[in-house]
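Worksheet: the structure to be examined is printed underneath.
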């Protein structure tokens, strides 16, 4: 794609609020009150995927010493006071015990991810004990994928050693941008040398996969400055890259209001991503879709080529057909045809764990229509293609009839060169792969309702 292939008018028309579709239906429409007793029944039944389905575990470790101003995650800022570590891990371990007792015997963990917050905020000794507790409570497959987010500013060689002993094989490093002015603007000063040293130490310990997270659209960024960040990232030699669009949601995260009038405009932001797309693919990375890149030999790239790629709350993954168990404050799970979420505030989470064993406070049960639309959106986001015959066979419908309204809404996208609508397929073009969120939105039955909200519900798609 060259620089002139996208007009300002097209960018303006498609740069609209829209979901990232880490789930369908998306979390803002979950309205069902669902408590620990309901969740216990769901876990005991094994979900609709079957009692022997493999498990994917996500653990949320929310603490950070300082606030990154771009952040929209559930975090708890403590400064240098690490006293909350012990009580939080006590709650988490109680939740682990509660969940593991309810699961049918023989269920194997094929994926584990620790996110945050900052998992390496916790001491190496506490992380090691936590990892051991999880291995005692769950049965891990020998080839399980264990990933953890690390902050180079607080991660020590002792942390890396503890993570290696637990069995983690994928490190995800938050970088965002290496430009000093951008780092100061987002309150995350992180010298290149510090990050490079951490990656080198991880490689020496035998970590087989290193992922680097970047964000485009941050204050003071330009295509030129981000190109220098790309130079630095390529020198580090990651296996995977995530290049996320900055989600500007000041109505949800008040601290983002400080960025007013400091963000790159629509065209500049797109050029930053276009630069990243061009530079990383020229360097040998495959564009997985939306915001992810991987080396051709990486499992993620292989899964995309073999059409086994999956998308869940952790983004793109090779682990499909699993039940996702969310642990920790605000954590989200997906078990069969149910979504569940834990309490989003730390005091409520801790109290619920103490008194009820779990902190589930809301969820969603997917109808047959939800499951059908989820499959279509998954195919678009993961493969860039929806093969109509596959959907018709799986769900017993006539695709063109069932989705007549969605296909009609895609006609302007086809006229703009983003998608090809054929009798057999809905296929994103090379340009359309950048606009996958937009191409998925016509299949979303809940968007018309959210469009009437007084405040925006989603960040913009570009």
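Numbering (the working numbering), first residue to last: 689 to 1150.
Beta carbons: idealized from backbone N, C-alpha and C, even for Gly.
Keep in mind it's a predicted model, so treat the numbers as computed, not measured.
Rounded straight-line distance, which links the Cα of residue j to that of residue i
i            : j            : result
residue 787  : residue 731  : 8 Å
residue 758  : residue 1086 : 44 Å
residue 1109 : residue 1127 : 11 Å
residue 1080 : residue 720  : 30 Å
residue 882  : residue 918  : 16 Å
residue 942  : residue 934  : 15 Å
residue 808  : residue 850  : 10 Å
residue 895  : residue 854  : 12 Å
residue 792  : residue 723  : 20 Å
residue 737  : residue 1019 : Low per-residue confidence applies at residue 737: pLDDT is 49, beneath 50, and the placement is therefore not dependable, though the value from the model is reported in the following sentence. If you take the alpha carbons of residue 737 and residue 1019, they lie about 20 Å apart.
residue 1017 : residue 887  : 29 Å
residue 952  : residue 1070 : 29 Å
residue 966  : residue 890  : 28 Å
residue 735  : residue 1052 : With a pLDDT of only 48 at residue 735, under 50, the local geometry of the prediction cannot be trusted, and no value is derived from it.
As assigned by DSSP and simplified to three states, the class of residue i
i            : result
residue 718  : coil
residue 914  : helix
residue 1115 : strand
residue 754  : coil
residue 830  : strand
residue 775  : helix
residue 950  : coil
residue 846  : helix
residue 945  : helix
residue 1201 : Since the first residue shown for the chain is 689 and the last is 1150, residue 1201 is missing from the structure and cannot be characterised.
residue 735  : Residue placement at residue 735 cannot be trusted, given a pLDDT of 48 that sits under 50; what the coordinates show is reported in the next sentence. Coil, per DSSP.
residue 791  : coil
residue 864  : strand
residue 785  : helix
residue 1004 : strand
residue 1091 : coil
residue 811  : coil
residue 1030 : strand
residue 963  : helix
residue 740  : coil
residue 691  : Caution is warranted here: a pLDDT of 41 is assigned to residue 691, below 50, making its placement in the model unreliable, and the coordinate value is therefore given only provisionally. Coil.
residue 1120 : helix
residue 1100 : helix
residue 1011 : strand
residue 877  : coil
Residue i, buried or exposed, once every other Cβ within 10 Å from all chains shown has been counted against 16
i            : result
residue 986  : buried
residue 903  : buried
residue 1007 : buried
residue 714  : buried
residue 744  : buried
residue 729  : exposed
residue 1029 : buried
residue 1146 : buried
residue 1136 : exposed
residue 946  : exposed
residue 975  : buried
residue 970  : exposed
Rounded Cβ spacing between residue i and residue j (contact assumed at less than 8 Å)
i            : j            : result
residue 1072 : residue 977  : 7 Å
residue 1015 : residue 783  : 6 Å
residue 1106 : residue 1123 : 5 Å
residue 1095 : residue 1104 : In fact, because the Cβ distance is near 15 Å, the residues do not count as touching under 8 Å.
residue 1149 : residue 703  : 6 Å
residue 1038 : residue 775  : 7 Å
residue 1125 : residue 814  : No, residue 1125 and residue 814 are not in contact; Cβ-Cβ is about 38 Å, not under 8 Å.
residue 913  : residue 870  : 7 Å
residue 861  : residue 900  : 5 Å
residue 756  : residue 805  : Residue 756 to residue 805, Cβ: 11 Å. No contact.
residue 999  : residue 710  : 7 Å
Bounding residues of the beta strand (DSSP E) (the contiguous stretch that carries residue i)
i            : result
residue 799  : 796-804
residue 749  : 743-749
residue 1071 : Run containing residue 1071: none in the beta strand (DSSP E); it sits in the alpha helix (DSSP H), 1056-1071.
residue 930  : 928-933
residue 901  : 897-904
residue 974  : 974-977
residue 1133 : From DSSP, residue 1133 is part of no beta strand (DSSP E); its letter is neither H nor E.
residue 1050 : 1048-1053
residue 981  : 980-982
For residue i, the first and last residue of its enclosing alpha helix (DSSP H)
i            : result
residue 1037 : 1034-1044
residue 908  : Looking at the DSSP string, residue 908 is not in any alpha helix (DSSP H), and its letter there is neither H nor E.
residue 887  : 880-892
residue 700  : 696-702
residue 1082 : 1076-1083
beta-carbon residue i near the ligand SAH non-hydrogen atom, thresh 6 Å
i           : result
residue 878 : The ligand SAH is absent from the structure shown, which contains no ligand whatsoever.
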